[in-house]
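Structure first, then comments.
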Amino acid sequence: MATAILQQPGKTAGATPAAKPKPNRSFVHGLLTNKKALVGMAVMALFIVVALLAPVLFPGDPSRITAMASLEPDAGHWLGTTAKGQDVLALTVHGARSSLLVGLTVGFASTFIGILVGLASAYFGKVIDEALSLVTNVFLLLPGLPLLVILAAFLPPGLGTVILVLIVTGWAGSARVLRSQALSIRSKDFVAAAVVSGERAGRIMFREILPNMASIVMGTLLACVIYGIGAQAGLEFLGLGDVSTVSWGNNLFWAGNEGALLTGSWWVFVPSGVCIALVAFALALINYAVDEVTNPRLRKVKTPAPATTGRSAAK
Amino acid sequence: MRFILRRLGFYLVAFWASITLNFLLPRFMPGDPVSRMFARSQDRMQPEQIEALRRLLGVDDRPLWEQYIGYLQNIFTGQMGVSISRFPAPVTEVISSQIGWTLLLGGTALVIAAVVGNLLGIVAAWRRGGAIDSALPPVLVFIGSFPYFWLAMGALYLFGVVLGWFPIRHAFTDGLEPAFTSEFIGDVGAHLVLPALTIVLVSIGGWMLGMRNTMIATNSEDYITMAEAKGLRPGRIMLRYAARNAMLPSVTSFGMGLGFVVGGALLTEVVFAYPGVGYQLLNAVQGLDYPLMQGLFLTITAAVLLANFLVDILYVRLDPRVRSN
Amino acid sequence: MTVSQTSFGSHEPVLDVRNLTVQYTGDTRSTTAVDRVSFSIGTGEVFGLAGESGCGKSTIANSIMRLLKDPAKIAGGSITFGGRDVLAMSPDELRRFRWQDVAMVFQSAMNSLNPVLTIGEQIVDIFTTHAGLSRRESLRRAGELLELVRIDPARLKSYPHQLSGGMRQRAVIAMAVALKPSLLILDEPTTALDVVVQQEIMAQIKELQRELGFSVLFITHDMSLMVELSHRMAVMYGGRIVETAKAHDVYADPRHPYTQALMGAFPPLTGPRVPLTGLPDGVKFRNIPDLAEVAPGHLVAPFGADDLSIPRGVHVTGDEAAALEGAIR
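Chain order of the listed sequences is E, D and Y.
Going by the working numbering, the first residue of the first sequence is number 1, and it counts up by one from there.
Going by the working numbering, the first residue of the second sequence is number 316, and it counts up by one from there.
Going by the working numbering, the first residue of the third sequence is number 641, and it counts up by one from there.
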């Protein structure tokens, strides 16, 4: 998404770890009863189903030329055709496969690196923490998109390159958030007890500390997926992806390249952009729901503040 | 003072890291893109220019450490080679002719988004459940979900092509002579509206929600209760007590947000053919202009680091606690 | 039950709290934090409110200044200050009432001072808002206030984190008396401080009280401090008042077993060393009835064996049982 370039994963203020660890059952229950989470999950499920069914819905190569160029949406081509005469709906449906695949891969990989770095920083502390924090902060500070661009420009083009550079530029945000959360759990008594009782480092990190940061990991993962999908689109829009694959970003690249805007073919660039936005919005909704469930202060005030409270009275 | 020095040291490390990255990329990447570039554009260049570029980009027989030292020397004396796509202009010249436009676009958009977004966040948190608090965040989050460049395309199509309200490309009308006249400044302003608007629209939601959430946390602090007990006016409590403290994290993210706004500005520039460094970066990529790409990356990084340092100095002014320790 | 007739000093109470009930409304259930509490404070009187943390003491303090925030709500009762109904005040009235009539010293001075404003600015605030003074005049008065609590007026330019804990609390006390309020609420004013500083602060408050003559609502769980400072006091348990009397009467002859337990939980400041006792783990009182007068001005909640819930497996030692039984009798 948009925020992809603006805010790397975990940078959103909403993702700051303020919540105390809570039993996981009430967390899941809270998510399942949260309206935002339900809407978000429904939208995501829909997109995943469409992506999986793409070869059934639109068999064959979606980028083959099937009709006249630049047709407006009609019964034959629900979303019209491109300047080359490709069916826009087929491109959009197939585009979901690459975009979701890259987004999810980048999201999981960045979060995984973030977990490793965060846990190692928090558990070992001292020099290791200093060094890892320095690297993390340097990566956070380097402007993301320009870094993406020069990495992608020097690497051989392809989907692997796209995924790799997105992970390289995306892990630091999650590492920072997860480190600070891990640090606060590291200082809890039960971790100290585990250390004293001689448990192995790996066990303490992954069995004692990690389960207690489930909600933050979840939030970070969502933010990373959002970042992955948006940054992939941005990269591809600049022509730095693998232009032969069909993805939402490449659809937009071709739309820009073929002058869809200036010829008024709005149907060529609207669908892919809306899809990116819907996926990002759905993930953001789930993310806000996670925040609300774990941090009750952010929940909506149910009743208007009573007149006896200071603030409302003072207004 | 120690805080400032620490930060300065950190930025130097970050800058050194980006220079080193620049040095390593062409030397260790598979596929030898640099040779491709030379193959394409060799015939236009003077032999000594080719030699200089070879050294800069690592097609070089010297040992690596010697190359590295030579590279650092070049960077710090501002020798970043000649641009291939804008041959024969030196990279530094190309960049300096364009960075101003990016600063104008990015700066305007960033300041507007941060100021308006934070103010909205303050009001939303202060009136929990009020109109601004309930209606605006979902709308802004939704708008913020669109890719920068897509929103830019939409704005260009709607306000530029269909409605014709604003110019759709470049920073000023072609043929107009840059000068400090009201005509020229007005023209630049008109060209700025759409690109800046898209950046503001996409980024304002993040500012607002960030501020809102910190304000909500701040509002439950004891010093807010004490300020209420003191019978201060609500406006004063909101601004001098709550917002004054809640803005501290916001100032930090202002520095951080800068890097991302640069990214957003790059994409927006591409859509509007706005002659800033982002547009130039795309040209460099398309023209396999590796020296210009590297120069742009270093310049943008340096600008972001510098801006962050300025934000740190501001932070010290705003938070007395970092001043003393 | 009328407590006001036993007020120290004048017959006209400064503050009168009647049947105050405060509830915390949660998602699924509500908790009553303060349950039908009544007391009054006379002019110049120091009234103490004792009890363990969570018993509703601070909620009462916040109710008096109407500082309760969601989800806490005043569900019943009245608060009258100088004949005025505090709960019916308009926002503007309330703002003038706060700090001019009633001021408050909060539990933790570090947290109750704004970290990014100087001490001076935070005192000047008070004068410019309430007294309409100019900044310069306000600053002069702020300097005098600091001198009053023996802080160098040069400290006006200091930020809270630059002062020691004791200094911060004294600065807060200076702020509290800035407008010469008729009632000062002290909500555990010395909890976070070490013993020596505690003594300094208490001495400071006593001195100011003698000088300025304000009434005090003194909230603490520290019985020795309370008996030392208060004229009259009340002991709270689970949102209810279980015993109220002159401080010395409570000290000399605690009637309610909870009061006795509380007395036993703190060492006396002087006298021989005695072993500390308290309520045995898990022992709880329930259904606390209204107070009844057991001696002139000494009211205690009647107490029967049924009102005590002792969880299975808790062993009550002979001494403790004797103490509890003594009270039941």
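Think of the CB as a built atom: it goes at the ideal place given N, C-alpha and C, for glycine as much as any other residue.
Which residues of chain E have a Cβ atom closer than 8 Å to the Cβ of residue i, listed in chain order?
i: residue 684 of chain D; result: The first residue shown for chain D is 316 and the last is 640, placing residue 684 of chain D beyond what the model contains.
State yes or no: is the beta carbon of residue i nearer than 9 Å to at least one beta carbon in chain Y?
i: residue 541 of chain D; result: yes
i: residue 544 of chain D; result: yes
i: residue 535 of chain D; result: yes
i: residue 564 of chain D; result: no
i: residue 556 of chain D; result: yes
i: residue 434 of chain D; result: no
i: residue 635 of chain D; result: yes
i: residue 559 of chain D; result: yes
Should residue i be flagged as near chain D, meaning a C-beta pair shorter than 9 Å?
i: residue 144 of chain E; result: yes
i: residue 859 of chain Y; result: no
i: residue 272 of chain E; result: yes
i: residue 869 of chain Y; result: no
i: residue 817 of chain Y; result: no
i: residue 138 of chain E; result: yes
i: residue 794 of chain Y; result: no
i: residue 808 of chain Y; result: no
i: residue 744 of chain Y; result: yes
i: residue 812 of chain Y; result: yes
Output yes if chain E places a C-beta closer than 9 Å to the C-beta of residue i; else output no.
i: residue 468 of chain D; result: yes
i: residue 619 of chain D; result: yes
i: residue 338 of chain D; result: no
i: residue 460 of chain D; result: yes
i: residue 472 of chain D; result: yes
i: residue 611 of chain D; result: yes
If you reduce the DSSP assignment to three classes, tell me which class residue i lands in.
i: residue 64 of chain E; result: coil
i: residue 943 of chain Y; result: coil
i: residue 633 of chain D; result: helix
i: residue 642 of chain Y; result: Low local confidence applies: a pLDDT of 40 at residue 642 of chain Y is under 50, so the model's placement there is unreliable, with the coordinate-based value given in what follows. Correct three-state label for residue 642 of chain Y: coil.
i: residue 188 of chain E; result: coil
i: residue 21 of chain E; result: Here residue 21 of chain E scores only 44 on pLDDT, less than 50, and its place in the model is too uncertain to base an answer on.
i: residue 246 of chain E; result: coil
i: residue 860 of chain Y; result: strand
i: residue 363 of chain D; result: helix
i: residue 136 of chain E; result: helix
i: residue 686 of chain D; result: Residue 686 of chain D lies beyond the stretch modelled for chain D, which goes from 316 to 640, so this question has no answer here.
i: residue 391 of chain D; result: helix
i: residue 776 of chain Y; result: helix
i: residue 75 of chain E; result: coil
i: residue 123 of chain E; result: helix
Given that residue i touches chain E, what residues does it touch there, using C-beta distances under 9 Å?
i: residue 602 of chain D; result: Chain E residues near residue 602 of chain D: none, gap ~11 Å exceeds 9 Å.
i: residue 616 of chain D; result: 141, 142, 143, 146 and 147
Given that residue i touches chain B, what residues does it touch there, using C-beta distances under 8 Å?
i: residue 538 of chain D; result: Looking for chain B here will not work: the only protein chains present are E, D and Y.
Please compile the residues from chain D whose C-beta is within a distance smaller than 9 Å of the C-beta of residue i.
i: residue 124 of chain E; result: Chain D residues near residue 124 of chain E: none, gap ~21 Å exceeds 9 Å.
i: residue 721 of chain Y; result: Those do not exist, as residue 721 of chain Y stays about 14 Å from chain D at its closest Cβ, beyond 9 Å.
Residue i versus chain Y: which residues are under 9 Å apart at the beta carbon?
i: residue 448 of chain D; result: Per Cβ cutoff of 9 Å: no residues; residue 448 of chain D is ~14 Å from chain Y at best.
i: residue 527 of chain D; result: Those within 9 Å of residue 527 of chain D in chain Y number zero; the least Cβ separation is about 17 Å.
i: residue 548 of chain D; result: 735 and 769
Which bits of chain D does residue i rub up against, with CB to CB less than 8 Å?
i: residue 707 of chain Y; result: 540, 543 and 544
i: residue 855 of chain Y; result: Going along chain D, no residue has its Cβ under 8 Å from residue 855 of chain Y, so there is no contact; the nearest lies around 17 Å.
i: residue 266 of chain E; result: 472
Write down the C-beta distance between residue i and residue j rounded to the nearest angstrom, noting that I regard them as a contact closer than 8 Å.
i: residue 177 of chain E; j: residue 220 of chain E; result: 6 Å
i: residue 451 of chain D; j: residue 439 of chain D; result: 7 Å
Would you mind telling me which residues of chain D sit closer than 7 Å to residue i, beta carbon to beta carbon, in chain order?
i: residue 230 of chain E; result: 462
Should the stretch 143-155 of chain E be regarded as contacting the stretch 93-108 of chain E, the criterion being three or more beta carbon pairs within less than 8 Å? no
Spell out a yes or no on whether the stretch 33-51 of chain E and the stretch 276-291 of chain E are touching, meaning 3 or more CB-CB pairs, one atom from each, closer than 8 Å. yes
When you compare the stretch 476-489 of chain D with the stretch 556-564 of chain D, are there three or more beta-carbon pairs, one atom per stretch, that lie closer than 8 Å? no
Kindly confirm or deny that the stretch 238-255 of chain E and the stretch 78-93 of chain E touch, where touching means at least three C-beta pairs closer than 8 Å. yes
Counting Cβ pairs, one atom from each stretch, are 3 or more of them under 8 Å apart for the stretch 611-623 of chain D and the stretch 324-333 of chain D? yes
Is the number of C-beta pairs between the stretch 608-619 of chain D and the stretch 651-661 of chain Y that are closer than 8 Å three or more? no
Does the structure place the stretch 678-692 of chain Y close enough to the stretch 869-880 of chain Y that three or more beta carbon pairs sit under 8 Å? yes
If contact is defined by three or more beta carbon pairs under 8 Å, each pair taking one atom from either stretch, is the stretch 462-469 of chain D in contact with the stretch 271-281 of chain E? yes
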